[in-house]
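Peer 1: In mature numbering (1 follows the signal peptide of the UniProt record, and there is no 0), the protein residues as written are -24 to -1, 1 to 179. We put the beta carbon where it would ideally sit given N, CA and C, even for glycine. Take this structure first; my questions come after.
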C-alpha cells in the first residue's frame, strides 16, 4: 500500500506546483500586456522583466505569501496609453492604482471580473467612454472607486449601487449625464459634482 501511496503523493504535489505556475504565467502575461500598452517615459516599468521567475520581484507590485499579485501601484508615474483587456487574470488583485497619469481609452469591462478587488483608483487621467456596468457583477469586495477628473460620458449605471461594501465613490469632473441612481445615495462618501449633465436627460 505504501509503495502505491508515495508516488501518488508526488504526483499530487507536482499538480499543485504546476497549477501555481500556470497562475503565475497568466499574471505575468497580463502585466506584460499592460506594460506594452503604456508609454513609460520615466522608465518606472524597467524592472518588469518577463525572464524573471515571478512578477513579485518587479517594482510597484506587491504579492501575497503564495506569490500571487495583490497590489499594483502605478499612480503619478507619467504613464500614457490605454488599459488592455486581460487584467482579469490578476484574480487575487486587491488594489489597482493608476491615478494621475495620462491614460486614455475606455475602462476594460473585464476589470469587473476582479472578484477580490477592494480599491480601484483611476482618477485624474483622460479616460473616456461609459462606466461599465460589469464593475458591479463580481466586485462585491470593492470599497473605494475613484473615477473623478476624467472624460467619462453616459449615464451612471445603477448597478454601482448594488456593490454592498462600497464606501467611497467619486465621479466628479466628468461629462456624465442622466439622473443619479437612487441606489448610490447609500454610499457614505459620494461626490458627483461638476457633471453638468447629471440631473438632465442624456442626449
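For residue 130, which of helix, strand or coil comes out of DSSP?
Peer 2: Within the chain shown, numbered from 1, the residue matching residue 130 stands at position 154. Residue state, collapsed to three classes: strand.
Peer 1: Taking buried to mean at least 16 other C-beta atoms within 10 Å of its own C-beta, is residue 175 buried or exposed?
Peer 2: As a working note, residue 175 is residue 199 in the chain shown. Classification for residue 175: exposed.
Peer 1: Return the chain-ordered list of same chain residues with a C-beta closer than 8 Å to the C-beta of residue 167, the five sequence neighbours on each side being excluded.
Peer 2: Taking the first residue of the chain shown as 1, we reach residue 167 at position 191. For residue 167, where only same-chain residues beyond five positions count, the Cβ hits under 8 Å are 124, 145, 146, 147 and 148.
Peer 1: To test your reading of the DSSP string, which unbroken beta strand (DSSP E) runs of 3 or more residues are found completely within the region 16 to 79?
Peer 2: Counting whole runs of 3 or more residues, the region 16 to 79 contains the beta strand (DSSP E) stretches 37 to 39, 45 to 49, 56 to 58 and 71 to 73.
Peer 1: I need the straight-line Cα distance from residue 184 to residue 164, nearest angstrom please.
Peer 2: Lying outside -24 to 179, the shown extent of the chain, residue 184 is not represented and no answer is given.
Peer 1: Got a sec? Which residues, its chain only, sit under 7 Å from residue 18 by beta carbon, not counting five neighbours each side?
Peer 2: Taking the first residue of the chain shown as position 1, residue 18 is located at position 42. So the qualifying residues of the chain are 53 and 54.
Peer 1: So the candidates are 56, 95 and 115; which of them puts its Cα closest to the Cα of residue 85?
Peer 2: The residue labelled residue 85 in the question sits at position 109 within the chain shown. Looking at the Cα atoms, 115 is the closest of the given residues.
Peer 1: Could you work out which residue in 82, 16 and 96 is closest to residue 130 when comparing CA atoms only?
Peer 2: As a first step, residue 130 is located in the chain shown; it is residue number 154 there, counting from the start. Minimum Cα distance to residue 130 is reached at 82.
Peer 1: Quick one: is residue 50 near chain B, going by C-beta distance under 7 Å?
Peer 2: Protein chain content of the structure displayed is limited to a single chain, and chain B is not contained in it.
Peer 1: Assuming the contact rule is C-beta atoms closer than 8 Å, residue 103 and residue 135 should be a hit. Round their C-beta distance to whole Å, please.
Peer 2: Here residue 103 corresponds to residue number 127 of the chain shown, with the count starting at 1. Here residue 135 corresponds to residue number 159 of the chain shown, with the count starting at 1. Incorrect: roughly 18 Å between the Cβ atoms, too far for contact.
Peer 1: By a C-beta neighbour count over all protein chains shown, 10 Å radius and 16 as the cutoff for buried, is residue 37 buried or exposed?
Peer 2: Walking along the chain shown from the start, residue 37 turns up at place 61. Buried is the call here.
Peer 1: What's the call for residue 48, buried or exposed, on a 16-neighbour Cβ count within 10 Å?
Peer 2: Working through the chain shown from its first residue, we reach residue 48 at position 72. Buried.
Peer 1: By DSSP's criteria, residue 182 is part of a beta bridge. Which residues make up the other side?
Peer 2: For residue 182 there is no data in the structure shown, the boundaries of the chain being -24 and 179.
Peer 1: So, is residue 107 buried or exposed, given that buried needs 16 or more other C-beta atoms within 10 angstroms?
Peer 2: Here the question's residue 107 lines up with position 131 in the chain shown. Classification of residue 107: buried, given that the 10 Å Cβ count is 16 or more.
Peer 1: Could you name the residues of the same chain whose beta carbon sits closer than 7 Å to that of residue 22, not counting the 5 residues immediately before and after it, in chain order?
Peer 2: As a first step, residue 22 is located in the chain shown; it is residue number 46 there, counting from the start. Cβ neighbours of residue 22 beyond the five flanking positions: none.
Peer 1: In or out: residue 97 buried (at least 16 other Cβ within 10 Å) or exposed?
Peer 2: Translated into positions along the chain shown, residue 97 becomes position 121. Per the 10 Å Cβ criterion, buried.
Peer 1: Are the CB atoms of residue 50 and residue 74 within a distance shorter than 7 Å?
Peer 2: Taking the chain shown and counting its residues from 1, one reaches residue 74 at position 98. Taking the chain shown and counting its residues from 1, one reaches residue 50 at position 74. Taking 7 Å as the Cβ cut-off, residue 74 and residue 50 qualify as a contacting pair.
Peer 1: Whole-angstrom Cβ separation of residue 100 and residue 76, contact assumed at under 8 Å?
Peer 2: Against the chain shown, residue 100 aligns to sequence position 124. Against the chain shown, residue 76 aligns to sequence position 100. Their Cβ separation, rounded to whole angstroms, is 4 Å, which keeps residue 100 and residue 76 in contact under 8 Å.
Peer 1: Over the uninterrupted beta strand (DSSP E) stretch that includes residue 151, give me the two end residues.
Peer 2: Walking along the chain shown from the start, residue 151 turns up at place 175. Residues 151 to 154.
Peer 1: Verify whether the separation of the beta carbon atoms of residue 45 and residue 3 is less than 7 Å.
Peer 2: In the chain shown, counting from the first residue as 1, residue 45 sits at position 69. In the chain shown, counting from the first residue as 1, residue 3 sits at position 27. Yes, these two residues count as a Cβ contact at 7 Å.
Peer 1: Between the beta-carbon of residue 152 and the beta-carbon of residue 171, is there less than 7 Å?
Peer 2: Here residue 152 refers to the residue found at position 176 when the chain shown is read from its first residue. Here residue 171 refers to the residue found at position 195 when the chain shown is read from its first residue. Contact flag set, yes.
Peer 1: Could you compute how far the alpha carbon of residue 169 sits from the alpha carbon of residue 30?
Peer 2: In the chain shown, the residue the question calls residue 169 occupies position 193. In the chain shown, the residue the question calls residue 30 occupies position 54. Distance between the alpha carbons of residue 169 and residue 30 is about 42 Å.
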